[in-house]
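Residue numbers are given in my numbering: position 5 of the sequence shown equals residue -7, and the series is strictly consecutive. Each residue gets a CB set at the ideal place from its N, CA and C atoms; glycine is no exception.
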Amino acid sequence: MNKYYEFRNTLSALQKIEIFDSVYEFKCDFIYTIKLEDNVYIAENDLFNIFGYGETMAEAEKQLYKSIDDLWVIYVEENDENLDKGALELKKEIMNKIRRIK
């Protein structure tokens, strides 16, 4: 794959984003890269190892944000007894970095 374009973007601490019916606030800077590879935009966040992709930058970012909502539902809303040690550590990290307001 040839990389044609890449830049870093940051959602600053205390910035809020709306994802579906939820609103999330970041307690730290949320840094992600957007690159164009083979006519597909890919947005990636290394902290949580999540990504989104699309035909436009906006679509890639939207998919990345959806991944944040997925992380919240899968880990934070899950009962601790159903999570292994690694999942519990990820849950803690998510809760330290992101807050769901609504």
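With respect to residue 85, residue 15 sits close: the two C-beta atoms are nearer than 7 Å. Bounds of the alpha helix (DSSP H) holding residue 78 are 73 to 85. Annotated three-state conformation of residue 54 is helix, per DSSP.
If you keep only unbroken beta strand (DSSP E) runs of at least 3 residues inside the region -7 to 40, you get 4 to 7, 10 to 14, 18 to 25 and 28 to 33. In this structure, the straight-line span from the alpha carbon of residue 55 to that of residue 69 is close to 23 Å.
Annotated as proximal: residue 90 and residue 11, with beta-carbon spacing under 7 Å.
Check the Cα spacing between residue 13 and each of 19, 43, 7 and 2: the tightest is with 2.
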